Amino acid sequence: MRSNPIIKTMMKRKSIRKYTDEMPSQEIIEAVVRAGQQAPFASQLYSVLLSRKKGVPFGAPLLFTICVDIHRMELIMARRGWKLVTNDLSMLFFGIQDASLMAENMVIAAESFGMGSCFLGAAPYIADKIARKYKLPPRVFPLVQLVMGYPAEDPPTRPRYQSGFTLFEDLYPELSDAEVELAMKRMDEGYLAQNYYSKGKFKIPLESGQEETFTYDNYSWTEHISRKWGQWYESPDELLTQLSKRGFKIEIPEGEQSK
Ligand SMILES: Cc1cc2nc3c(=O)[nH]c(=O)nc-3n(C[C@H](O)[C@H](O)[C@H](O)COP(=O)(O)O)c2cc1C
52 MRSNPIIKTM
62 MKRKSIRKYT
72 DEMPSQEIIE
82 AVVRAGQQAP
92 FASQLYSVLL
102 SRKKGVPFGA
112 PLLFTICVDI
122 HRMELIMARR
132 GWKLVTNDLS
142 MLFFGIQDAS
152 LMAENMVIAA
162 ESFGMGSCFL
172 GAAPYIADKI
182 ARKYKLPPRV
192 FPLVQLVMGY
202 PAEDPPTRPR
212 YQSGFTLFED
222 LYPELSDAEV
232 ELAMKRMDEG
242 YLAQNYYSKG
252 KFKIPLESGQ
262 EETFTYDNYS
272 WTEHISRKWG
282 QWYESPDELL
292 TQLSKRGFKI
302 EIPEGEQSK
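Residue numbers for the sequence shown follow this note's numbering, beginning at 52 and rising by one.
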């Protein structure tokens with residue numbers, strides 16, 4: 052694979068879940084956020100909340116909460132004499148695109164300063180709690196959190212699918228059993244070799260009372276991820292409620308539900 056200093060930085064990145072006490076300087080924090088902002092945007096439909104050092108997960112000194120922010124757009128439009136009429140699902144999609152690109156730019160910027168980071172995905176499900184803490188106005192929705200600081204651990208980089216299972220030129224292929232099995236083998240053997248799940252002792256429990264048949268010798272990424280998406284969040288109601296509390300209306304038109 053061709054490389055250069057930026058690719059090297061990106062290829063050695065991994066999520067960091069243990070941090071030193073060192074507080075990054077204001078200059079570094081500002082550079083990380085500014086580099087984040089330089090990501091491409093549809094409409095800069097995000098804002099970033101920062102907390103330093105108060106009960107941040109993994110002992111990280113910085114906690115960023117990246118929000119989809121429609122509120123600011125509406126403030127600007129009002130001053131131009133416009134009212135936002137685009138439906139909230141579209142605004143949410145554009146906002147998620149903008150905010151995600153911004154967040155990942157921050158991750159790479161942090162990496163370039165010798166810092167580490169780790170996303171926390173629960174924010175949308177605790178949006179009401181986050182909104183109270185930061186006094187968020189309506190139409191600001193916490194999308195994802197990002198802890199950041201100087202690493203106090205150096206885990207290996209985690210495996211990824213083979214690129215042929217990800218990059219499809221011109222046509223989406225019919226994936227063969229062999230290709231699917233190769234992808235699973237790469238992921239599972241990669242994580243097992245790193246003792247990823249056995250070190251952390253985190254198996255997702257089987258919720259239906261089925262007997263556990265996996266040990267830490269064979270419990271790996273594809274089983275873990277299958278247990279997540281095979282058991283969790285079956286109903287969209289929790290998320291729709293959080294969105295509605297934050298002033299977003301996502302509705303399926305009458306009569307379209309069963310189509
Ligand atoms: C949207 C998102 C949410 C995540 N949420 C969590 C989380 O709640 N807790 C955690 O420890 N890691 C979380 N992660 C980190 C992933 O577990 C990690 O990126 C993945 O296992 C790949 O490992 P790597 O980042 O070291 O390459 C999240 C990552 C993303 C992109």
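By construction, the Cβ of each residue, glycine as well, lies at the ideal position given by its N, Cα and C atoms. In this text the structure is predicted, and so the values were computed from the model without any measurement.
Is residue i a contact residue of ligand 1, with contact defined as CB to any heavy atom under 6 Å?
| i | result |
| --- | --- |
| Val195 | yes |
| Leu114 | no |
| Cys118 | no |
| Leu66 | The amino acid at residue 66 is misidentified as Leu; the sequence shows Ser. Yes, ligand 1 has a heavy atom inside 6 Å of this Cβ. |
| Gly172 | yes |
| Arg237 | no |
| Arg278 | no |
| Arg209 | yes |
Do you know offhand how far residue i's Cα is from residue j's?
| i | j | result |
| --- | --- | --- |
| Tyr284 | Ile79 | 38 Å |
| Glu81 | Tyr248 | 35 Å |
| Leu113 | Asp228 | 44 Å |
| Gln95 | Arg64 | 26 Å |
| Ser168 | Gly306 | 45 Å |
| Ile67 | Gln282 | 27 Å |
| Glu230 | Pro224 | 11 Å |
| Tyr201 | Ile177 | 27 Å |
| Gly87 | Met62 | 18 Å |
| Asp205 | Met142 | 39 Å |
| Arg1 | Lys69 | The chain is shown only over 52 to 310; residue 1 falls outside these bounds and no answer can be derived. |
| Phe170 | Leu233 | 28 Å |
| Ser271 | Ile127 | 48 Å |
| Lys296 | Asn138 | 17 Å |
| Ser102 | Leu291 | 27 Å |
| Ala182 | Ile301 | 19 Å |
| Pro256 | Trp133 | 51 Å |
| Ile184 | Ser151 | Reading off the sequence, residue 184 comes out as Lys, not Ile. If you take the alpha carbons of Lys184 and Ser151, they lie about 22 Å apart. |
| Glu263 | Met235 | 20 Å |
Using three-state DSSP, classify residue i as helix, strand or coil.
| i | result |
| --- | --- |
| Gln213 | coil |
| Leu257 | coil |
| Thr60 | helix |
| Asp288 | helix |
| Arg103 | strand |
| Pro188 | coil |
| Ile117 | strand |
| Gly200 | strand |
| Leu218 | coil |
| Pro224 | coil |
| Leu194 | strand |
| Phe265 | coil |
| Phe145 | helix |
| Leu171 | strand |
| Tyr242 | helix |
| Ser295 | helix |
| Tyr270 | coil |
| Ser151 | helix |
With 7 Å set as the bound, which would you pick, yes or no: does the beta-carbon of residue i sit closer than that to a beta-carbon of chain D?
| i | result |
| --- | --- |
| Ser66 | No chain D is part of this structure, which consists of one protein chain only. |
Give the C-beta separation of residue i and residue j to the nearest angstrom, bearing in mind that I take them to be a contact with Cβ-Cβ under 8 Å.
| i | j | result |
| --- | --- | --- |
| Ile117 | Met153 | 7 Å |
| Val198 | Ala111 | 4 Å |
| Phe115 | Met157 | 7 Å |
| Phe192 | Leu294 | 7 Å |
| Gly106 | Pro189 | About 26 Å separates the two Cβ atoms, so there is no contact after all. |
| Glu162 | Thr71 | Glu162 to Thr71, Cβ: 16 Å. No contact. |
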